[in-house]
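Asker:
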Amino acid sequence: MKYSAVKGVQDVFPPDVYLWQRVEAVAAQVYGAFGFQEMRPPIMEFTDVFVRSIGETSDIVEKEMYTFDDKGGRSITLRPEGTAPIVRSYVQNHLYNRPAPQKFRYGGPMFRYERPQRGRLRQFYQLGAEAFGDAGPEIDAEVISMLRHFFGRLGLGSLSFEINSIGDSRCRPAYKDALKGFFAGKAGSLCPDCVRRLEVNPLRILDCKVPGCIELRKDAPVVGDYLCVECREHFAKLKGLLDLIEVPYVVNPSMVRGLDYYTRTTFEVTSRALGAQNAVAAGGRYDGLVREFGGPDTPAIGFALGMERLVELLREKAPPAPAPRVFIANLGSDAVRRAQVIADRLRADGVWAETGAPGSSLRGQVKRADKLGAEYVLFLGEEELGSGRAGWKRLADGAEGQVALSEVEDFFRGG
Ligand code: HAM
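Oh and the sequence shown: position 373 is 360 in this note's numbering, straight run, nothing missing.
1) Under the rule that 16 or more other beta-carbon atoms within 10 Å means buried, what is A269, buried or exposed?
2) For W379, does the three-state DSSP call read helix, strand or coil?
3) Please list the terminal residues of the continuous alpha helix (DSSP H) segment that includes P198.
4) Could you say which of E129, Q89, D127, V48 lies nearest to R99 if we only look at CA atoms?
5) Are the stretch 339 to 346 and the stretch 311 to 318 touching, with three or more C-beta to C-beta distances below 8 Å?
6) Under DSSP, the alpha helix (DSSP H) around F91 begins and ends at which residues?
7) Are the CB atoms of S76 and P28 within a distance shorter than 8 Å?
8) Are there 16 or more other CB atoms within 10 angstroms of the CB of A383, so buried, or fewer, so exposed?
9) Let me confirm a value: I232 is counted as buried when at least 16 other C-beta atoms fall within 10 Å, else exposed. Which label applies?
10) Can you give me the C-alpha to C-alpha distance between R25 and E370, rounded to a whole angstrom?
11) Within a Cβ cutoff of 8 Å, which residues of the same chain sit near A322, ignoring the five residues on either side of it in sequence?
12) Could you check if P189 is buried or exposed, using at least 16 other CB atoms within 10 Å of its CB as the buried criterion?
13) Mapping the DSSP letters down to three states, classify Q327 as helix, strand or coil.
14) For a test of the three-state rule: what should DSSP assign to I41, helix, strand or coil?
15) How should P235 be labelled, buried or exposed, when 16 other C-beta atoms within 10 angstroms of its C-beta is the threshold for buried?
16) Going by other Cβ atoms of all chains shown within 10 Å of its Cβ, with 16 needed for buried, is P86 buried or exposed?
17) Among the candidates N265, E279, K224, whose CA atom is the shortest distance from the CA of Q104?
18) Run through the stretch 242 to 279 for me and flag every whole alpha helix (DSSP H) of 4 or more residues, listed as ranges in chain order.
19) In the DSSP assignment, what are the bridge partners of M31?
20) What's the call for F0, buried or exposed, on a 16-neighbour Cβ count within 10 Å?
21) Would you kindly work out how many angstroms separate the C-alpha atoms of A20 and L6, rounded to a whole number?
22) L365: which of A116, D331, N317 sits nearest, CA to CA?
23) Apart from the five residues just before and just after P283, which ones in its own chain have a Cβ nearer than 6 Å to its Cβ?
24) Does the beta carbon of L292 fall short of 7 Å from some heavy atom of the ligand HAM?
25) Give a yes or no on whether the C-beta atoms belonging to K90 and G22 are separated by under 8 Å.
26) Helix or strand or just coil, what does DSSP make of Q79?
27) How many whole angstroms separate the CB atoms of R39 and E279, which I take to be in contact at a CB cut-off of 8 Å?
28) Are G293 and Q113 touching if we call contact CB-CB under 8 Å?
29) Going by the DSSP bridge assignment, what does G343 pair with across the sheet?
30) Can we count E101 as close to the ligand HAM, meaning its CB is less than 7 Å from some heavy atom?
31) Between G332 and D3, what straight-line distance do the alpha-carbon atoms span, to the nearest angstrom?
32) Within its chain, find whatever has a CB closer than 7 Å to the CB of I126; leave out the 5 residues flanking it on each side and keep chain order.
33) DSSP state of Y112, grouped into three classes?
34) Taking 7 Å as the line, does the beta carbon of F366 fall inside it for any heavy atom of the ligand HAM?
35) Thinking C-beta only, is E255 closer than 8 Å to E149?
36) What's the call for R259, buried or exposed, on a 16-neighbour Cβ count within 10 Å?
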């Protein structure tokens, strides 16, 4: 019987896994320098956690969630994103009692039943960050700048930062009305989903992927024209701050994002090298969500980046994968035993050591060392054991030398 992985999921193995580790390490450093501490929320939540926050009319809730009843009959969902679980945790654990702002970072798999294609998976991995308790545009600028530095550290300097403001509960209703008015006469040309969206949430028409709807919305009213004074000021200040700290950005007035919880600032980081699924990170402010979960009025902002998309961008710049420091080629049973001891001591000190397969030819062993990319080969045979000295070869440049067996561990431990 042959098994294959579930459609839309992927295995991550070397050498890609080293890129993943590098991204995680850089994220820990850069997010850490901005004060974001790690949180590890669970992968499953009660379904309502997502329905209420992401929105009943969003694509995610309407068609993409992995939802099942557990044996107790409770509706459970594998998280399609990380913000709602963190808000749930923030409220449930009264984290708002800690000094504000509280800043968290997280990473892990998310699940969405989408049509798999390049850059779009059913299980994908996000690295996200959420900051609670700060209403000012300063934190918006900080979060966006954090992403800029993060990508910069990874050598990705040419990504595009798009920002927008989508207003708040005061000004959004007028914008929704304007959209309703605009699309009302065109309902016959909208897709069936959008006809429904027109009634329940016309904003969602703006991220419909059906070509006819995309065409139809070209002249739709833009949210920027409907912002209230406070939202307008917030956005203007944010742009000023981004200029001040020299984050290059473009305003994309038609970016509304596909999740319902956003207020005011939204942003996306895109790459032209990625094809249709070009957003490598995205986020925004969600000032009403903590309250909706039963917590105190707490402004918040965050983002998540898509690991698989990021790794695709990094593949060209992949650093060399780790390789053994030394491969101990051995001939004869005493050499096999001695090789085992040397390797064990080196490994105990965190030095990657490999030994040749007992009984295999010297030529075969050297070939294997080369395949593994070992830095050195150490040659151990009867003669070496007798004389207490063994020869080594550095594979990269062919340099050769000798080392006393009594000092061999020190020799390979050194940098
Ligand atoms: P999102 O835009 O749905 O936002 O996802 C963020 C990023 O996750 C995307 O830009 C993309 O890189 C990656 N992504 C999303 N779906 C897939 C997929 N099916 N396959 C591969 N990668 C994918 C959120 O999830 C929000 N929770 C972000 C946020 C945090 N907003 C505020 N705080």
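All C-beta atoms, glycine included, are put in the ideal place defined by N, C-alpha and C. Note that this is a predicted model, so its numbers are computed, not measured.
Answerer: Result, derived from the coordinates:
1) buried
2) strand
3) 198 to 203
4) V48
5) yes
6) No alpha helix (DSSP H) contains F91, which is instead part of the beta strand (DSSP E) from 89 to 98.
7) yes
8) exposed
9) exposed
10) Rather than Arg, the amino acid found at residue 25 in this sequence is Glu. If I take the Cα positions, the gap works out to 55 Å.
11) L367, G368, E369, E371, L372
12) buried
13) helix
14) helix
15) exposed
16) exposed
17) N265
18) 276 to 279
19) L65
20) exposed
21) 21 Å
22) N317
23) Y83
24) yes
25) yes
26) helix
27) 7 Å
28) yes
29) G343 pairs with nothing; no bridge assigned.
30) yes
31) Gly is not the amino acid found at residue 332; the sequence shown has Arg there. Computed Cα separation, rounded: 29 Å.
32) P88, A118, I288
33) strand
34) no
35) yes
36) exposed
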